[in-house]
Each structure stands twice: as C-alpha cells, then as structure tokens.
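Student: Protein chains in written order, with this note's numbering: chain A, 1 to 226; chain B, 1 to 420.
Glycine residues also receive a C-beta, built at the ideal position from the N, C-alpha and C atoms.
Written out as structure tokens, the structure reads:
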C-alpha cells in the first residue's frame, strides 16, 4: 500500500445551472498521507463542499484523477462508489444524521449491515461505542441523548468499519464550545491511537489550528497565499 | 442485507408511523375483503342456482316450441318465444314421444300448459302460476303430496274442476297449509276443489315450486288457457330411463317431432333441453355475475394500491435525508430499492391477510342474513379466491411500490443529504 491515502490530481467539477456552467473546482491537486490530520477551509462558495463530496466519494469529479487508498475512484459507477464509501470512508456530519427510531447500537451497526457482514456485528458496534465512551448509552435512542452524545454515536458509526479516513464536516458546528472541544479531542485521540486519517471540513480557525495541515480553498482553487 | 433484516427494518419503519401505516393498510384491507366477499357471494349464487337446477332431476328433458335459434334461452317464458311460422306442440306430440317403440329411452312423458292466474279464497287473493297437467306430471317432476291425492287420468278425462296447490299458496289463501283439502277456491273466477297439497321443496331455479296450482290439462285447455289449436301444449316434460340415456332420449324425441312436424333438417321448430343445458346456461350467467362482482372489487383493490403508492411517495420524500445517509454509509441502489419494496409489499401482504379475514366475515354474515330470511344461499369462500386475493394484493404492493422505491434508490447521495 502507498503512503498516500488521498491523491487528487487536477480535480475539476462543473455544475450545470440552467444555461450557465458553474465551475466549483478548477483543477485542485494535493496529497494526504496516511495518518495525517488535515482541515479543509474556505469561505462559502469556495468549492469546499464539492471537494468534500468528491473526497468522500459521494460525487464524481468532472475530470481529473482521484485515488483513494490506492484505488482510482474517479470513473466508478454508483454501486462501486457505495462500496468504497462503506469500506474506506467514515462520515461525521454537522447535524449528526442519526436515524431517530433506532438505538445507538443499531445506528452504529448500519455500515456493517451494508458491508454484508452477518456475524459479530453487534459486538463490533458495541466496541465502537465503547471507544467513544458511550458504553452506558448503547440501547438509547438518539432522542434520548445529548448533542455531544449523538455526535459520539456518529463517530462510532464512522469508525466501526475501520475506514481509511474519517471525513468530518463541521463536526462541532451544532455543539457548544465545551462539548465541541470534547468531540475534537475524541477525533484527534482516535487518530493518534488507531492512525486513522482525519479530514475536517470547517470554517472555524480554532479547529483548523489543531490539525497538522490546512488546505485552503478560494474560488475553486487551492489558496496558497497563506 | 438479508431477507429477515430487510423485513425487520421495514416493520420498524412501518411501526414508526402507525396511524399512516394503518390507514394505508385499510385501503388494501377493504380491497381484499371486497374481492373475497364478492367472489364468495358470486360463488354462493352459482352454487344455489346449480343446486336448484340439479334439484329438477338429472333425467328430465324439456321440450319447448320454437327452434334453438329462436329461443331466448331457458330463462325466457317457455313456449312463448316461438315465431309465428312454427308449429305448436300438441298432445299428439306428447303421446308419440310416450310410445316406447319409437322412443325406447324415454320412461315417462307429461304435457303441460301454463299461465298465471289470480287464485282467491274468501277475501284472500294471490297471483300464482297455474299448470294444466296430467297424472304423469307428478311422476316426471318428482312432485310429492303432503296431503290429499294428485290429478288423475280420470280427472283429465272428466275435465274435473279440481286443483292441487303448493304449500305457500295454501298459506297465502288459508293462513295454514294443512287441512285445506276439500275447500273450494277460485282460479280466474272459476271454482276448483282442492284435492291435494304439495310438500314444501324450497326455492327453485324458476321461482318457488311451492307457490303454484296444478289442475287437469283438459280443464285448463277448455276453461282457462285458450290456445290457438285444440290440444296445443306449452311444455312437454320427458323423463329418460337413466341419466346416461338423456342424450339418446333427446335425439329420439327430436326424431319423432321432426317427422311429425315435417321440418327440414336443421330447421327444427322445437327445442329439447336437458338439465345439462340449463346448467351450462346458468353457469354462463353466474360466471358473468362473478366476473362483474370480482371486477368491482378489483377496482377497490386497485384504489388501495394507489393508496400505497401515494404513501410510499410521501415516505420517500420525507426520508430523503435518511436515504442520503444510508447511501453515504454504503447502501447500494439495490439496498434502498429492497428496503422500500419490502415496506410496500409488507403493507399489502398484511392488508391482504386482514382483508381475507374481513372478507370471510362479510361472506359469513351475508350467509347468516340469508338463512335468517329463509333463503337457501351460502356464500362460499374458495381457496382459489384467497390465493388470488393474496397474490394480487402482494403484486399490487410490489407494482405500486416499484416507482417510489426506484425514486428513492435513484436519489443522488449529495442531493439527498443536503435536503431538508
């Protein structure tokens, strides 16, 4: 395996907005090492979300090459992308995105269900919940949990399938600063302990400061002025 | 995703919104219940009609005036449907058929004429079918007397003013059916002495046989029912020697009548119908009835299916974010498709099962109401109807689930996650 988890070469993304073509990404190239902690920053409209969607394999670039964990994913079809997302990417969202009707454990189990794993799912999900410090909340439903706890469940869900990277989109955006700090600490500790690559999309400089490297975007291009 | 998993998840999400799932279910329940109940009622009607046709006896043959092509079926009034140029049936025809040499397969023959007339006793009046018949009529039609004696050959020869009446007729005129022998009633204004009362038989294919009056054929011809020719009769009943001999007897009768009426081949001016002919006509009619009832019920099942589609579409829109999340976590198109299809099929399957129970209950109550009103009518829930209802409701769930499920499965994860 290469040392690079992410190799992005000349990524371009063009959206068709009615008659107009909007270039969200205009040739972005960078690499991220295995185990690195990187934040992606940029004002709104800079192509930050588009880049995150592309790196998270939720969307395909219009052109350019994207190699994730040694696999070129640029030209994959929907189902292949789904498999890559399932195995290699762990998502943490700003609004947690937990399914409200099922327990924390069942939420964490979800990625394993889609992996086709039938044995030992509960044990692995429980293990992940222990890793985020929620061993006492395993059978609670999201509505019975605080915001910080919900985000911990989401993090457990992100790590349960041992992905190559965690993609966190404003993970502390919906939390107060104290809880936000706890969540950041948790994410950074997971990175330290297990060496999981961590990519945080944020506009909060305080968070960006805690990461080893900052990728700044401006108008769909890397901003190298700083 | 294994099958049980998909099932559990579907149950989870359906129970998440119980009222909505319940209402959607209700649409299918009503549809399936309607199909089951309607088919049961149709089947019951068919059973009851075939049953009463079977009751007229397997050996019996009916000879009517008028060719097959001019008949408007056995449901029409016998003997009146002929066109002007056909020769009527006569007593002579009946006697010829009764000849054992030319018709060896015929055991007994009875000619009759029929009309409706007002029967009265004291102040009570009743409009009833009056049949002019001979002694053999009672044998051929399997008529049994509860009281008194039948019309005899002597009555016919003497043009006697006597009558045998049905138990319902007696009930209407006297308020009771026993002890009325010897009373004198008026049929179309003329006095007739009651010599016998028939045993109750229940409803029949041609109206109740319990409400009628039978008088000697000659008396009827002379005084009640004037026909164009002397000795003209409406229907000749013939009894074959056995059920197997019915086609043979029918052919023999046709031969005799062709000879006597001098009709060219293929232009018979009479028709010979057996119980089998009535059965096939009746089953044609009842099948149409069943298709009609089933069709109406199928429409409500269809409406139920559209209800499922409607609610699934709402559900897909509502759960767009959930779908986006599931896709982000690695759900493939197929996984989402199966998830929603399982939900819609489960809805329709559950609805189908509950609908069968309801439909059966409806059919059962219809039967109870019928028997409470002394109607011999038992709705029959057949296994094939149940199978059909379950299959079609599940298929409807699948069919109407496909579009919403496909819509869900085709959502772009990026778009779906952004949706709120």
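Does residue 111 of chain A have its Cβ less than 8 Å from a Cβ in chain B?
Tutor: As a first step, residue 111 of chain A is located in the first chain; it is residue number 111 there, counting from the start. It does; some Cβ of chain B falls within 8 Å.
Student: Quick check on residue 46 of chain A - is its C-beta less than 8 Å from some C-beta in chain B?
Tutor: The count along the first chain starts at 1 and reaches residue 46 of chain A at position 46. Closer than 8 Å to the CB of residue 46 of chain A there is not a single CB belonging to chain B.
Student: Tell me which residue opens and which closes the alpha helix (DSSP H) that residue 102 of chain A is part of.
Tutor: By 1-based counting over the first chain, the position of residue 102 of chain A is 102. Segment: none, residue 102 of chain A is in no alpha helix (DSSP H) and carries neither H nor E.
Student: Can you tell me the Cα-Cα spacing of residue 86 of chain B and residue 43 of chain B, whole angstroms?
Tutor: Reading the second chain from its first residue, position 86 is the one you call residue 86 of chain B. Reading the second chain from its first residue, position 43 is the one you call residue 43 of chain B. A straight line joining the alpha-carbon of residue 86 of chain B with that of residue 43 of chain B spans about 39 Å.
Student: Can you name the start and end residues of the beta strand (DSSP E) that residue 190 of chain B belongs to?
Tutor: Taking the first residue of the second chain as 1, we reach residue 190 of chain B at position 190. Where residue 190 of chain B is concerned, the enclosing beta strand (DSSP E) stretches over 190-198.
Student: Going along chain A, which residues have a C-beta under 7 Å from residue 368 of chain B?
Tutor: By 1-based counting over the second chain, the position of residue 368 of chain B is 368. What residue 368 of chain B touches in chain A: nothing, since even the nearest Cβ is about 44 Å away.
Student: Sort B:262, B:341 and B:380 by Cα distance to residue 397 of chain B and report the nearest one.
Tutor: Sequence index remark: in the second chain, residue 397 of chain B carries index 397 (1-based). That would be B:341, whose Cα lies nearest to the Cα of residue 397 of chain B.
Student: Is it true that the stretch 126-135 of chain A meets the stretch 21-40 of chain A, where meeting means three or more beta-carbon pairs spaced less than 8 Å apart?
Tutor: no
Student: Take the Cβ of residue 225 of chain B as the centre, count every other Cβ of all protein chains shown within 10 Å, and call the residue buried at 16 or more, exposed below.
Tutor: Residue numbering aside, residue 225 of chain B sits at position 225 when the second chain is read from its first letter. Counting Cβ neighbours within 10 Å, residue 225 of chain B comes out buried, since at least 16 surround it.
Student: Listed in chain order, which residues of the stretch 151-170 of chain A have Cβ atoms closer than 7 Å to some Cβ of chain B?
Tutor: none
Student: How is residue 264 of chain B classed by DSSP in three states: helix, strand or coil?
Tutor: Stepping through the second chain from its first residue, residue 264 of chain B is reached at position 264. Coil.
Student: I'd like the list of long-range same chain contacts for residue 109 of chain B, defined as Cβ closer than 6 Å, with 5 residues on each side in sequence excluded.
Tutor: For this step, residue 109 of chain B is matched to residue 109 along the second chain. 94, 97, 98 and 238.
Student: Quick check: is the beta carbon of residue 114 of chain A nearer than 8 Å to any beta carbon in chain B?
Tutor: Position 114 of the first chain holds residue 114 of chain A. Residue 114 of chain A counts as touching chain B.
Student: Tell me where the alpha helix (DSSP H) around residue 352 of chain B begins and ends.
Tutor: By 1-based counting over the second chain, the position of residue 352 of chain B is 352. Residue 352 of chain B -> alpha helix (DSSP H) spans 333-372.
Student: Would you decide whether residue 262 of chain B is buried or exposed? Buried here means 16 or more other CB atoms lie within 10 Å of its CB.
Tutor: Position 262 of the second chain holds residue 262 of chain B. Label assigned to residue 262 of chain B: exposed.
Student: Among A:18, A:176, A:24 and A:157, which residue has its Cα nearest to the Cα of residue 10 of chain A?
Tutor: Against the first chain, residue 10 of chain A aligns to sequence position 10. Closest option to residue 10 of chain A, Cα to Cα, is A:24.
Student: Indicate whether residue 161 of chain A and residue 87 of chain A have their beta-carbon atoms separated by less than 8 Å.
Tutor: Translated into the one-based positions of the first chain, residue 161 of chain A becomes position 161. Translated into the one-based positions of the first chain, residue 87 of chain A becomes position 87. Yes, Cβ-Cβ distance for residue 161 of chain A and residue 87 of chain A is below 8 Å.
Student: For residue 135 of chain B, which option in B:143, B:128 and B:129 has the closest C-alpha, if you only look at C-alpha atoms?
Tutor: As a position in the second chain, residue 135 of chain B is number 135, starting the count at 1. Residue B:143 is the option with its Cα nearest to residue 135 of chain B.
Student: Looking only at its chain, what residues have a beta carbon closer than 8 Å to the beta carbon of residue 176 of chain B, apart from the 5 residues adjacent to it on each side?
Tutor: Translated into the one-based positions of the second chain, residue 176 of chain B becomes position 176. Close CB contacts of residue 176 of chain B within its chain, under the 8 Å cut and outside five residues either way in sequence, are with 170 (chain order).
Student: Can you give me the C-alpha to C-alpha distance between residue 216 of chain A and residue 208 of chain A, rounded to a whole angstrom?
Tutor: As a working mapping, residue 216 of chain A is identified with position 216 in the first chain. As a working mapping, residue 208 of chain A is identified with position 208 in the first chain. Using only the alpha carbons, I get a separation of about 10 Å.
Student: Determine the direct distance from the alpha carbon of residue 57 of chain B to that of residue 278 of chain B, and round the result to whole angstroms.
Tutor: Counting from one through the second chain, the residue named residue 278 of chain B turns up at place 278. Counting from one through the second chain, the residue named residue 57 of chain B turns up at place 57. Those two C-alpha atoms are separated by around 12 Å.
Student: Would you say residue 339 of chain B faces chain A, with C-beta separation under 8 Å as the test?
Tutor: The residue labelled residue 339 of chain B in the question sits at position 339 within the second chain. Judged by the 8 Å Cβ criterion, residue 339 of chain B is not in contact with chain A.
Student: Any C-beta of chain B sitting closer than 8 Å to the C-beta of residue 3 of chain A?
Tutor: Taking the first residue of the first chain as position 1, residue 3 of chain A is located at position 3. Not an interface residue.
Student: What is the DSSP secondary structure of residue 151 of chain A, reduced to helix, strand or coil?
Tutor: What you label residue 151 of chain A is simply residue 151 of the first chain in a count that begins at 1. Helix.
Student: What does the Cβ neighbour count give for residue 116 of chain B, buried or exposed, with the cut at 16 atoms within 10 Å?
Tutor: The residue given as residue 116 of chain B occupies position 116 in the second chain. Counting Cβ neighbours within 10 Å, residue 116 of chain B comes out exposed, since fewer than 16 surround it.
Student: Taking the CB atoms as reference points, tell me whether residue 336 of chain B and residue 409 of chain B lie closer together than 8 Å.
Tutor: Residue 336 of chain B sits at position 336 when you count from the first residue of the second chain. Residue 409 of chain B sits at position 409 when you count from the first residue of the second chain. Taking 8 Å as the cut-off, the Cβ atoms of residue 336 of chain B and residue 409 of chain B count as close.
Student: Buried or exposed: which applies to residue 78 of chain B, given that a residue is buried once 16 or more other Cβ atoms fall within 10 Å of its Cβ?
Tutor: Numbered from its first residue, the second chain carries residue 78 of chain B at position 78. The predicted position of residue 78 of chain B is uncertain, since its pLDDT is 44 and thus under 50; no value can be drawn from it.
Student: Cα separation between residue 122 of chain B and residue 30 of chain B?
Tutor: The count along the second chain starts at 1 and reaches residue 122 of chain B at position 122. The count along the second chain starts at 1 and reaches residue 30 of chain B at position 30. Rounded to the nearest angstrom, the two C-alpha atoms are 53 Å apart.
Student: Helix, strand or coil, according to DSSP, for residue 142 of chain B in the structure here?
Tutor: By 1-based counting over the second chain, the position of residue 142 of chain B is 142. Here residue 142 of chain B carries a coil assignment [DSSP, helix/strand/coil].
Student: Assuming residue 12 of chain B and residue 102 of chain A are in contact, meaning their beta carbons sit under 8 Å apart, how far apart are those beta carbons, in whole angstroms?
Tutor: Numbered from 1 along the second chain, position 12 holds the residue referred to as residue 12 of chain B. Numbered from 1 along the first chain, position 102 holds the residue referred to as residue 102 of chain A. The pair is a contact, with the Cβ atoms about 7 Å apart (cut-off 8 Å).
Student: Look up residue 15 of chain A in the DSSP assignment and say whether it is helix, strand or coil.
Tutor: In the first chain, residue 15 of chain A corresponds to position 15, counting from 1. The answer is strand: DSSP assigns residue 15 of chain A an E or B state.
Student: Comparing the C-beta of residue 83 of chain A with each C-beta of chain B, is any distance below 8 Å?
Tutor: Counted from its first residue, the first chain places residue 83 of chain A at position 83. Yes, contact with chain B.
Student: Using three-state DSSP, classify residue 213 of chain A as helix, strand or coil.
Tutor: Working through the first chain from its first residue, we reach residue 213 of chain A at position 213. Correct three-state label for residue 213 of chain A: strand.
Student: Mind pulling the chain B residues with CB within less than 8 Å of residue 78 of chain A?
Tutor: As a working mapping, residue 78 of chain A is identified with position 78 in the first chain. When 8 Å is used as the limit between beta carbons, residue 78 of chain A is near these residues of chain B: 332 and 333, in chain order.
Student: Give me, in chain order, the residues of the same chain whose beta-carbon lies closer than 7 Å to that of residue 48 of chain A; leave out the 5 immediate sequence neighbours on both sides.
Tutor: As a working note, residue 48 of chain A is residue 48 in the first chain. Once the five neighbours on either side are set aside, the close Cβ partners of residue 48 of chain A are 40, 42, 201 and 217.
Student: What are the residues of the stretch 114-144 of chain A that lie near chain B, defined by any Cβ-Cβ distance shorter than 8 Å?
Tutor: 114, 115, 116 and 118
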